[in-house]
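Accompanying notes for the structure given below.
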Amino acid sequence: MAEQVQLQIRQQETNVEARERQVDQAKAQLETANLNLSYTEVRAPFDGFVTKRNVQPGTLVQAGTALFSLVSPNVWVVANFKESQLERMKPGDKVSVSVDAWPDMAA
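Last residue of the sequence shown: 107 in UniProt numbering, with the numbers rising by one and none dropped.
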């Protein structure tokens, strides 16, 4: 009878050890899942405006895939004016800018 109890104790100890290994494996899987989740955040290298979206939500992508096209919010226009035109201009004046490529659009 004592031998049978000893055998049952050893079996239960073995079961406990197996369960502890399962817990360790589950913890490792959780760490891997959390690490993978941290890679799902998309960050732009600079502040700007999205001008083109190359993917849709839920699309599986790989590292290095171009997801968006961005442009900087800081836009500069270089323009040449005659001295006679400068008399009527001052900093802060509103302007209209047009581009030959898009003649119907002005900003």
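No residue lacks a Cβ here, since even glycine has one placed at the ideal position from N, Cα and C.
{"Check": "Should asparagine 74 and alanine 66 be called a contact, given that it needs their Cβ atoms to be closer than 8 Å?", "Outcome": "no"}
{"Check": "When the Cα atoms are used, what is the spatial distance from glycine 92 to alanine 101?", "Outcome": "26 Å"}
{"Check": "Is the distance from the Cβ of valine 78 to the Cβ of phenylalanine 49 below 8 Å?", "Outcome": "no"}
{"Check": "In terms of residues, what are the limits of the alpha helix (DSSP H) holding arginine 21?", "Outcome": "2 to 38"}
{"Check": "Just how far apart, CA to CA, sit glutamine 6 and valine 42?", "Outcome": "57 Å"}
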